[in-house]
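Everything on this sheet refers to the single structure shown next.
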Amino acid sequence: VREALGYASPLADAIFAVQGLGTFPIARAGSGEQKALLPRFRSGDLISAFALTEPNAGSDVASMQTTARKEGDAYVLDGDKCFISNADIAAHFVLFANADPEAGRRGITAFLLPKGADGLTIEVQDLSIDHPIGALHLRGCRLPASSVLGEVGGGFSLAMQTLDRFRVSVGAAAVGMARRAFDTAASHVRQRQQFGKALAEQQLVQAMLADMAVDIDSARLMVLRAAHAADTQEGSLSAAAAMAKLHATEAAQRVIDSAVQLFGGKGVERGNPAEALYRAVRPLRIYEGTSEIQRLVIASSVSKEYGA
Ligand SMILES: Cc1cc2nc3c(=O)[nH]c(=O)nc-3n(C[C@H](O)[C@H](O)[C@H](O)COP(=O)(O)OP(=O)(O)OC[C@H]3O[C@@H](n4cnc5c(N)ncnc54)[C@H](O)[C@@H]3O)c2cc1C
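Given below as structure tokens:
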């Protein structure tokens, strides 16, 4: 993030100090006892995770089916989560369940769920890239009421606040990947000779490099603007973060695809940096809200923010 932003940002500090998605909700809404865990996350002693997605509730988060039933001074959780990053290495999950299904999204509540809780099983999922990820299965998983994170019924808002923040860092990661692809491809075309001169001297190649540079620079500026909104709380973070994530991840995909093209056959050879980035960048357009969902977030703020 630091490399992509290129300057010292409190947001970048926060991302490094706490482990992003799984710790921001604790820092934002946790009790004193829950916050006491943060130094252990900061040191890397403990890993955290953010468990929102379900088999039947991905983009439509509010339709989640995991329930939290109050029983005396405990909650009993039942349901399934999937595609949870860090699932197999996390010590704690910030897990979202509905404590009042009749209230819809207003019943969604965040819980701090320890890995060893009775009734929780974890199943590793296998992706096309290196990424620790898995599914959580909750069957009569009993947690003390002190495991509620923030307000009962405040989980949907907490999840959205968390995603707004970390969409900025997904954008920053996309910029970092695109810059790496650009650097390796630009260095390759300076050296590779075809038709009696370096590829970098062919005008069609120069046009590709120019388009890549414009994509990277525009994405970087949008990420910086969103990071500034996060740091200063000026303007709508939601819209700025959605725009930054949408543009940076789509732009990075284009830049990395061009880098693969500029390497020719070597671009699809396993171990080539462009080939590895080509696989690595793809999930960024899906997680923390797909590109289509970012467009919906942006559209919902267009009239307020841009006077349309
Ligand atoms: C590598 C990786 C890491 C992840 N890590 C986490 C994590 O740590 N925690 C977590 O909770 N989740 C995580 N996820 C899950 C991720 O957030 C979801 O996959 C994502 O939100 C999309 O949900 P879905 O897969 O159910 O797709 P769906 O919601 O079924 O969407 C399928 C397609 O339909 C489109 N679509 C849906 N609704 C609309 C609409 N209204 N208009 C237009 N198009 C629409 C989507 O954009 C998408 O293209 C991760 C996913 C991946 C791939």
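Following my numbering, the numbering of the sequence shown begins with 7 at its first residue and continues without gaps.
Virtual Cβ for every residue (Gly too), placed ideally from N, Cα, C.
- Residue burial is scored here from C-beta neighbours: E60 has at least 16 other C-beta atoms within 10 angstroms and is therefore classed as buried.
- Taking 3 residues as the minimum length, the beta strand (DSSP E) runs contained wholly in the region 42 to 106 are 54 to 57, 73 to 77, 80 to 91, 98 to 104, in order along the chain.
- Exposed is the label assigned to E240, since fewer than 16 other Cβ atoms lie within 10 Å of its Cβ.
- If you look at P150, you'll find it in the beta strand (DSSP E) that goes 139 to 150.
- Residue burial is scored here from C-beta neighbours: D170 has at least 16 other C-beta atoms within 10 angstroms and is therefore classed as buried.
- One alpha carbon belongs to S153, the other to P289, and they sit about 31 Å apart.
- Annotated as proximal: V303 and A245, with beta-carbon spacing under 8 Å.
- The C-beta separation of V211 from A258 comes to about 20 Å, leaving the pair out of contact by the 8 Å criterion.
- Inter-residue distance for I128 and V229 is about 34 Å (C-alpha atoms, whole angstroms).
- One alpha carbon belongs to L155, the other to T255, and they sit about 31 Å apart.
- Counting along the chain, I114 sits inside the beta strand (DSSP E) bounded by residues 114 to 120.
- Between I53 and I95, the C-beta spacing is below 8 Å.
- Here A204 is bridged, per DSSP, to Q199.
- Per DSSP, the beta-bridge partners of E129 are A141.
- Boundaries for Q239: no alpha helix (DSSP H) harbours it, and the DSSP string shows neither H nor E there.
- By the neighbour-count criterion, in which a residue is buried when 16 or more other Cβ atoms sit within 10 angstroms of its Cβ, Q197 is exposed.
- Of the heavy atoms belonging to ligand 1, at least one sits nearer than 7 Å to the Cβ of G64.
- Scanning its chain for C-beta atoms nearer than 8 Å, with the 5 sequence neighbours on each side dropped, one finds around S69 the residues N62, A63, in chain order.
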